[in-house]
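Worksheet: one structure, shown below.
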Ligand SMILES: NC(=O)c1ccc[n+]([C@@H]2O[C@H](COP(=O)([O-])OP(=O)(O)OC[C@H]3O[C@@H](n4cnc5c(N)ncnc54)[C@H](OP(=O)(O)O)[C@@H]3O)[C@@H](O)[C@H]2O)c1
């Protein structure tokens, strides 16, 4: 398989841990240069050092993507260095519990990071990619976008948003050299659940000890760059999820509230 991505530049948001860090490392192995974006400088510098030790190139941009001004600064900094070929909108976080107990500040931040950051960065980078006649934007979604579940109301909605946004953009950019995709990811063993638990009033995410590795997700993202398509499921068997919601959503209506109540006691 010919690798057209050698020496191209990929921005990975949320690169300080989990899926983002694994994806950045994997893309470097495939010959891309990476731009690492997140808030925790030390983590990003450690990853940059690791990548350089592998013989790769990485640039660090510290940014809080819940802030519009930081997102603009990321764009300006990347453009000043010649632009980007790949944008992976991966930064995101979850929160588990009854929505009526979710602090508004956490909800507002989730809307900003999980939705606005992806939308805003896409509106900044997509026209540039179209001008260059090349690019791929990958949004990291979740199967919870297809099966909205009790306990993760806003998180599910944020990932459904990414699904709809990606699908519509995919249809706008068909037959161009700029690709848009969403990865609908199932449980992954990262810091995601721990971070959700640490948030104010956050509960244990039921899938906290389950899942594939971040490295597995990174490999699938690389395959997606080689073979662009609108949507992929990670792991593959989760492609059943939209059908499960259509066929058995009524069952989740019945047992979902019981599961959440049990989880919370
Ligand atoms: N793990 C799962 O089970 C799972 C399942 C489906 C989908 N996903 C999705 O996968 C993506 C990555 O999650 P993960 O599992 O790798 O979790 P993770 O290990 O907690 O990583 C989350 C990343 O997002 C970054 N981030 C959070 N808030 C940010 C902000 N305000 N500004 C900039 N960066 C921010 C974090 O960096 P800093 O804290 O350093 O800023 C971190 O690098 C998320 O979109 C998540 O919704 C995860």
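Residue numbers (the numbering used here): 6 to 270.
The beta-carbon is built from N, C-alpha and C at its ideal position, and this holds for glycine as well.
No experiment lies behind these values; they were computed from the predicted model shown.
Asked	Found
Three-state class that DSSP yields for residue 41 in the structure shown	strand
C-alpha gap between residue 215 and residue 192, whole angstroms	6 Å
Residue 218 CB to nearest heavy atom of ligand 1 below 7 Å	no
Alpha-carbon to alpha-carbon, residue 224 and residue 50	23 Å
Those residues which DSSP pairs with residue 146 across a bridge	189
Best match in 84, 100, 125 and 135 for proximity to residue 212 [C-alpha to C-alpha]	100
C-beta contact flag for residue 29 and residue 20 at 8 Å	yes
Residue from 79, 128 and 270 whose Cα sits closest to the Cα of residue 65	79
Candidates 41, 23, 257 and 46: closest to residue 155 by CA position	257
Cβ neighbours of residue 243 in the same chain (closer than 6 Å, five flanking residues each side left out)	148 and 191
Ranges of the alpha helix (DSSP H) found wholly within the segment 48–117, counting only runs of at least 4	73–85 and 109–115
Neighbourhood of residue 55 by C-beta distance below 8 Å, restricted to the same chain and skipping five residues each side	30
Element boundaries [beta strand (DSSP E), containing residue 20]	Run containing residue 20: none; DSSP gives neither H nor E here.
Where residue 221 falls: helix, strand or coil (DSSP)	helix
Heavy atom of ligand 1 within 7 Å of residue 70 beta-carbon	yes
Between the CA atoms of residue 267 and residue 248 - distance to the nearest angstrom	26 Å
Sub-8 Å separation of residue 159 and residue 187 beta-carbons	no
Where residue 254 falls: helix, strand or coil (DSSP)	helix
Alpha carbon of residue 265 to alpha carbon of residue 102, nearest angstrom	8 Å
Beta-carbon proximity check, residue 5 vs residue 95, cutoff 8 Å	Since the first residue of the chain shown is 6 and the last is 270, residue 5 is not available in this structure.
Pair within 8 Å by beta-carbon distance, residue 226 and residue 93	yes
Neighbourhood of residue 240 by C-beta, 7 Å cutoff - its chain only, sequence neighbours within 5 removed	191 and 217
Residues of its chain near residue 261, where Cβ-Cβ distance is below 6 Å and the 5 sequence neighbours each way are ignored	155
Beta-bridge partners of residue 236, as assigned by DSSP	187
Three-state class that DSSP yields for residue 209 in the structure shown	coil
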